[in-house]
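Chemist: Those protein sequence lines, which keep their order, are chains C and D.
Letter by letter, the first sequence follows residues 761 to 1075 in this note's numbering.
Letter by letter, the second sequence follows residues 31 to 321 in this note's numbering.
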Amino acid sequence: MRSSTFALICVLVAALVYAAARWFGNEYVFFAGYVVLQFIVLATAWNILGGYTGYVNFGSAAFFAVGAYSSIFFHKIFPLPIPVLIVIGGVFSGLIGLGMGYLTLRLRGAFFAIGTLALAVVLQTIITNWSYLGGARGAYVLRPAEIEFIGPYIQYLFLLMLALAVFALSVARGIERSQLGYGFATIRDDELAAEASGVPTLRLKLIATTISGGLMGMAGAPFPYYLGYVQPSSAFGLEYAVNAIAMPMIGGTTSWVGPLVGAIVLASLQQWATVTFSSELGVLLVGVLLVAFVILAPKGIVGLVQGWRRGKAGS
Amino acid sequence: MDIPYDLLVNALVAGLLLGAFYAAVTVGISISFGILDIVNIAHPGFIILGSYLAYIINARLGLDPILVSLLMLPAFYALGAVIYQVYYASFEKRGQDSLRGLAFFFGLLFVTEVALVLVFGVDYRYVQAPYIGPSQNIGFVDLPLRMLVPGVVALAMVAALQLFLTKTFIGRAIMGVAQDQLALQLMGASPTRIKRTAFAISIATCAVAGALLIIIQPVEPSVGREYIGRVFAICVLGGLGSIPGTLIGAMMLGILESFTSTFYGPSWAPAVSFGVLLLVLAFKPSGLFGR
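1) What residues of chain C sit near D:Ala258, judged by a beta carbon separation below 7 Å?
2) Kindly indicate the opening and closing residues of the beta strand (DSSP E) around D:Pro174.
3) Which residues in the same chain as D:Val310 place their Cβ atom closer than 6 Å to its Cβ, once the five residues preceding and following it in sequence are excluded?
4) At which residue ranges does the segment 976-1051 of chain C contain complete alpha helix (DSSP H) runs of 4 or more residues, listed in the order of the chain?
5) Measuring CB atoms only, is the segment 142-159 of chain D touching the segment 830-840 of chain C, in the sense that at least three cross pairs come out at less than 8 Å?
6) Opposite D:Asn167 in the DSSP bridges: which residues?
7) Would D:Ala312 pass as an interface residue toward chain C - the criterion being a Cβ-Cβ separation below 8 Å?
8) Decide yes or no for the touch test of the segment 87-99 of chain D against the segment 269-284 of chain D: beta carbon pairs closer than 8 Å, at least 3 of them.
9) C:Gly895 to D:Leu129, Cα distance in whole Å?
10) With a 10 Å radius around its C-beta and 16 neighbouring C-beta atoms as the bar for buried, classify C:Gln939 as buried or exposed.
11) Does the distance from the C-beta atom of C:Asn807 to that of C:Gly988 stay below 8 Å?
12) How many Å lie between D:Ser60 and C:Leu877 at the Cα?
13) Got a sec: is the Cβ-Cβ distance from C:Val1035 to anything in chain A below 8 Å?
14) So, under 8 Å CB-CB, C:Gly827 and C:Ala979 are touching, yes? Tell me the CB distance rounded to an integer number of Å.
15) If you draw a straight line from the C-alpha of C:Arg1070 to the C-alpha of C:Val1062, how long is it?
16) Report yes if the CB atom of C:Leu966 is closer than 8 Å to the CB atom of D:Ala312, and no otherwise.
17) Which chain D residues sit within Cβ distance under 7 Å of C:Glu951?
18) Using the C-alpha atoms, what's the distance from D:Ile258 back to D:Phe293?
19) Which chain D residues are close to C:Ile1005, counting only those with a beta carbon under 8 Å from its beta carbon?
20) Say whether chain C places a C-beta atom closer than 8 Å to the C-beta of D:Arg321.
21) With 8 Å as the threshold, decide whether the Cβ of D:Leu148 is near any Cβ in chain C.
22) Closer than 7 Å, Cβ to any Cβ of chain C: which residues of the segment 274-302 of chain D, in chain order?
23) Output needed for D:Arg321: all residues of its chain with C-beta closer than 7 Å, excluding positions within five of it in sequence on either side, in chain order.
24) Between C:Phe834 and chain D, is any beta-carbon pair separated by less than 8 Å?
25) Check whether the Cβ atoms of C:Leu917 and C:Tyr986 sit closer than 8 Å, and answer yes or no.
26) Shortest alpha-carbon distance to D:Pro300 belongs to which of C:Ala873, C:Leu879, C:Val844?
27) Which residue marks the beginning of the alpha helix (DSSP H) containing C:Tyr916, and which one marks its end?
28) By the three-class DSSP mapping on this structure, what secondary structure does D:Ala190 have?
29) Does D:Ala190 get closer than 8 Å to chain C when you measure Cβ to Cβ?
30) Around the Cβ of C:Ala1006, are there at least 16 other Cβ atoms within 10 angstroms (buried) or fewer (exposed)?
31) Should the segment 232-246 of chain D be regarded as contacting the segment 847-855 of chain C, the criterion being three or more beta carbon pairs within less than 8 Å?
32) What residues are listed by DSSP as bridge partners for D:Val249?
33) Could you spell out where the alpha helix (DSSP H) holding D:Ile273 opens and where it closes?
34) Whose Cβ in chain C lies nearer than 8 Å to the Cβ of D:Ala145?
35) Taking 8 Å as the threshold, find out whether the segment 280-296 of chain D comes into contact with the segment 39-57 of chain D through three or more Cβ pairs.
36) Kindly list, in the order they appear in chain D, the residues whose Cβ is closer than 7 Å to that of C:Ala873.
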């Protein structure tokens, strides 16, 4: 399937999702759906670096927060429409991703992962101490209740996130099928051998960290408008970092389908647990599932389904 | 800037005491990460678990937290052995210990933290002991017993581990695993068993470190996260797996943090350790005392 056909199918599916959500006619569907979509973007973004090149990023929350805080920054200076803010947030967090990419020059494997964690805490401390952005107290964003043509504001945010999810999935699938994707795979399998065979590993890694970081920032940019209030501990919340890792790991890291499946399953599960019990129980479930899956089903849900199909075909 | 002399000395002493405590927190990581190459990011989570156990028993039975931690050692040792067994069977044996092993420990860290939140909530907990509160004054230097007692216990533990690793047969076998696993097998020792013992010891140190932590400061479940940066910064600074290096790295970080909070404010302190970590990783990854 060509990339353009794939994007078209994604848009059609997205249109169906939006129509179904409107048909429900309940505001909650949009609130919950927004979160699920946001995690699809985050998980797909994480997988472009973590799944394709094998570099584990523990600092996803930082990229998300950079996107959110760049929106607050511009909201204070000069109010811009949210699609522009999404692009700006993507640029900022993409630049930080580029910086993170240079860490890979010296750091491999676990050291890189710990380095990303360090990066996240340093950024969080800077924002906590930056009083213009609200500091530790947090910042408020007043959003209009309605918007032209679409109606309630939450529907507008939902549509934006839906478009972003389509964009992220198309990018991920495009990378997979391109030369870039094969380059990433060589880095994952054996970086030294790839370097020796003339693969420009540094350039590829920089591309991967920039795209991955940029997409995470884009997912974070509308966040202040969704909640109306942002504080460092919520924007940098550990649950973003854990979910961004757990969703691809549980779905399957080898293709774009894994993060999508993982995000839909886990995010819906968390929404259900939050409504029925408490949000802590929801995130506890994610942690337990992550540990269980990496031990018992290292290839994720996608791997399980493939194994099950192959078993059926073989018997 | 005109810095008062007594403030400087006080910050230095506070930093040294803090550093001794940091050494106790890090020594377990130096064994698991430094010697065994197991990236146990969940280590701070187990430290917080140790703090909460010290808190419960202290609140119920009124036992001294340090005594409680010593009684807890066998339980933490067993926990460590179980975790290593799972880790070995699921990741090390299959040869895919890097990416999935990391995710495994990250998940464990998160699960311990959220489970503690579910049981105890996010309130700060503290313990009661006669040495919390009073302080000893030597001239103008202020020595709070709340820092002095944990510092002394921490130094004793680090010294005991160093003696164990260099003087006993098992200790030397643990050091040997880091250098040449095959050679160890040829000598008739099982690397898996040696590694399990070592990892169990590293988790056992969490019992003591946790009790010391809750003596020094009130604890809530997410406090552990701040320590991820500290333990790895110290471990890398000290050259991965060297116990004396760990002690020196811990002292350096303790002093640096104490100066930062004295002269710039405590809200900048968490960034210090991670900043040091980033700098060390970027410019001298083998640490100051690399092996």
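Even for Gly, the Cβ is constructed at its ideal location relative to N, Cα and C.
Modeler: Reading it off the structure:
1) Residue identity differs from the one stated: residue 258 of chain D is Ile in this sequence, not Ala. Residues of chain C passing the Cβ test: Leu877.
2) 171-174
3) Val266, Leu267
4) 983-987, 992-995, 998-1011, 1017-1036
5) Under the three-pair Cβ rule at 8 Å, the segment 142-159 of chain D does not count as touching the segment 830-840 of chain C.
6) D:Asp172
7) yes
8) no
9) 35 Å
10) Counting Cβ neighbours within 10 Å, C:Gln939 comes out exposed, since fewer than 16 surround it.
11) With respect to C:Gly988, C:Asn807 sits apart: the two C-beta atoms are not nearer than 8 Å.
12) Roughly 19 Å separates the two Cα atoms.
13) Protein chains C and D are contained in the structure displayed, whereas chain A is not.
14) 7 Å
15) 12 Å
16) no
17) None at all; the shortest Cβ gap to chain D is about 12 Å.
18) 24 Å
19) Ala133, Phe136
20) Bear in mind that a pLDDT of 47 at D:Arg321, under 50, signals an unreliable position, so the model cannot answer this.
21) yes
22) Ser297, Trp298, Pro300, Ala301
23) Residue placement at D:Arg321 is flagged as unreliable, the pLDDT there being 47, under the threshold of 50; the coordinate-derived value follows with that caveat. Counting only Cβ-Cβ distances below 7 Å, and skipping sequence neighbours, we find Gly269, Leu270, Gly271, Ser272.
24) Under the Cβ distance rule, C:Phe834 does not count among the residues neighbouring chain D, no pair being separated by less than 8 Å.
25) Contact: yes.
26) C:Leu879
27) Note, C:Tyr916: alpha helix (DSSP H), 913-937.
28) helix
29) no
30) buried
31) Of all C-beta pairs linking the segment 232-246 of chain D to the segment 847-855 of chain C, fewer than three are shorter than 8 Å, placing the two stretches out of contact.
32) D:Arg155
33) 273-293
34) For D:Ala145, the residues of chain C that pass the 8 Å Cβ criterion are Leu1044, in the order they occur in the chain.
35) yes
36) Near C:Ala873 (Cβ distances below 7 Å), the residues of chain D are Leu132.
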